[in-house]
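In UniProt numbering, the protein residues as written are 1 to 231.
C-beta atoms are modelled at their ideal positions from N, C-alpha and C, and glycine is treated no differently.
Fair warning: this is a prediction, and the values are worked out from it, not measured in the lab.
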Amino acid sequence: MELSPAWRVGGTKVYWSPEKLAANPHDKIETFKVVSHPHLVPCHLAASGHDYSAIAMPYYPQGDLVLSGRQEPNRVHRLMSQVARAVEHLHKWNIAHNDIKLENVFVDGSDDAHLGDMGFALRVKDPLGFSPAWRVGGTKDYWSPEKLAADPHDKIDPFKCDVYAVGIMYWVLVTGIMDFTAGTDFVAKLAETQDLNISNLHRAVLETLLEPNPLTRPTASEMVEILSLNE
Numbered sequence: 001m002e003l004s005p006a007w008r009v010g011g012t013k014v015y016w017s018p019e020k021l022a023a024n025p026h027d028k029i030e031t032f033k034v035v036s037h038p039h040l041v042p043c044h045l046a047a048s049g050h051d052y053s054a055i056a057m058p059y060y061p062q063g064d065l066v067l068s069g070r071q072e073p074n075r076v077h078r079l080m081s082q083v084a085r086a087v088e089h090l091h092k093w094n095i096a097h098n099d100i101k102l103e104n105v106f107v108d109g110s111d112d113a114h115l116g117d118m119g120f121a122l123r124v125k126d127p128l129g130f131s132p133a134w135r136v137g138g139t140k141d142y143w144s145p146e147k148l149a150a151d152p153h154d155k156i157d158p159f160k161c162d163v164y165a166v167g168i169m170y171w172v173l174v175t176g177i178m179d180f181t182a183g184t185d186f187v188a189k190l191a192e193t194q195d196l197n198i199s200n201l202h203r204a205v206l207e208t209l210l211e212p213n214p215l216t217r218p219t220a221s222e223m224v225e226i227l228s229l230n231e
């Protein structure tokens, strides 16, 4: 059996991804300590060796969201609102999660969401909040349009990329449509899905979070405000 670059045994996650191991594991541990939040997965214990890094985290009985399929829209709205608060908290510490995706959101026994896997977390030191595009990314299917179009040394806003990734998760869970890749025009696809019975509220959220232009895409704090409506 071929194992993926990261796997979980009980409440432990083990990495042997070269990209994640390239970063100092002690930096990741310190990040976990700093960013404690009710909707962020905590790190109970961490260890690393020359070819692995292991993190012990809580057990989430409902697992992650990757195989959930289409969900009841109000539940999606509530779960993504919780994720948005976690993202906002990270951003207030000048940390971009940098790998937001369904596989990294875990649901507990009370049906609350927790954003985990800080393996690609990016501390942004630029006072304007930009970072070279080569440092921004995570999983390619969740890349924002500006990340996809950028040259490696172009400066882009990793915080706005996080917001876009939350929008993609919202899209998948509300529509149940999994066949997307980096560069998908979600706003155009939304206009083609009138038969999905998505409310005006949920359509408006999708159009806002999946805004192709990062300059007019909301910040994490604005995303929290948007998702607090009718939560």
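Can you grab the Cα-Cα spacing for the pair E146 / R217, in whole Å? Mapped onto the sequence shown, residue 146 falls at position 146. Mapped onto the sequence shown, residue 217 falls at position 217. Each residue's alpha carbon lies about 12 Å from the other.
Please specify which runs of the beta strand (DSSP E), each continuous and at least 3 residues long, are wholly inside the segment 83 to 142, giving them in chain order. 105 to 107 and 113 to 115
Does the Cβ-Cβ distance between D126 and D99 come in under 8 Å? What you label residue 126 is simply residue 126 of the sequence shown in a count that begins at 1. What you label residue 99 is simply residue 99 of the sequence shown in a count that begins at 1. Not a contact, by the Cβ cut-off of 8 Å.
The beta strand (DSSP E) with S48 in it runs from where to where? Here residue 48 refers to the residue found at position 48 when the sequence shown is read from its first residue. Boundaries of the beta strand (DSSP E) around S48: L45 to S48.
Could you tell me the alpha carbon to alpha carbon distance between residue 232 and N94, rounded to whole angstroms? For the chain, the structure presents residues 1 to 231; residue 232 sits outside this window and is missing.
So for A56, helix, strand or coil by DSSP? Sequence index remark: in the sequence shown, residue 56 carries index 56 (1-based). Here A56 sits in strand by DSSP.
Considering just the uninterrupted stretch of the alpha helix (DSSP H) at D162, what are its terminal residues? Translated into the one-based positions of the sequence shown, residue 162 becomes position 162. From DSSP, the alpha helix (DSSP H) with D162 extends over P158 to T175.
Can you give me the Cβ contacts of T219 inside the same chain, cut-off strictly under 8 Å, excluding the 5 residues immediately before and after it? Within the sequence shown, numbered from 1, the residue matching residue 219 stands at position 219. Correct list, in chain order: H91, F159, K160 and V163.
Could you check if E192 is buried or exposed, using at least 16 other CB atoms within 10 Å of its CB as the buried criterion? Translated into positions along the sequence shown, residue 192 becomes position 192. Per the 10 Å Cβ criterion, exposed.
Can you give me the start and stop residues for the alpha helix (DSSP H) that R203 sits inside? By 1-based counting over the sequence shown, the position of residue 203 is 203. Segment N200 to L209, the alpha helix (DSSP H) holding R203.
Rounded to whole angstroms, what is the Cα-Cα separation between P214 and D157? Numbered from 1 along the sequence shown, position 214 holds the residue referred to as residue 214. Numbered from 1 along the sequence shown, position 157 holds the residue referred to as residue 157. Near 8 Å, if we compare the C-alpha coordinates of D157 and P214.
With DSSP run on the structure shown, which of helix, strand or coil describes L65? On the sequence shown, residue 65 is found 65 positions in, with the first residue counted as 1. It is coil, neither helix nor strand.
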